[in-house]
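Numbering (our numbering), first residue to last: 15 to 79. For each residue, glycine too, the CB sits at the ideal point set by N, CA and C.
Written out as structure tokens, the structure reads:
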């Protein structure tokens, strides 16, 4: 598993995959990972070489202030 904390590093990784003619699946999430996400990752791996999962929590939506 690779963890990217900035867009620049992710873009470089995706560009390297493209240069190797690898296929890429994407599973966007809002953080609270559950079995449905795992199913999407497994399906993505059946159909692609690599699957990227985003774990994005919108601070303006979930900030208690």
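query                                                                                                                                 : result
For residue 43, which of helix, strand or coil comes out of DSSP?                                                                     : strand
Under three-state DSSP, which class holds residue 55?                                                                                 : helix
Around the C-beta of residue 41, are 16 or more other C-beta atoms found within 10 angstroms, so that it is buried, or is it exposed? : buried
Rounded to the nearest angstrom, how far is the Cβ of residue 67 from that of residue 37, given a contact under 8 Å?                  : Going by Cβ atoms, the distance from residue 67 to residue 37 rounds to 16 Å, so no, they are not a contact pair.
Throw me the rounded Cβ distance for the residue 45 and residue 71 pair, which I believe falls under 8 Å.                             : 4 Å
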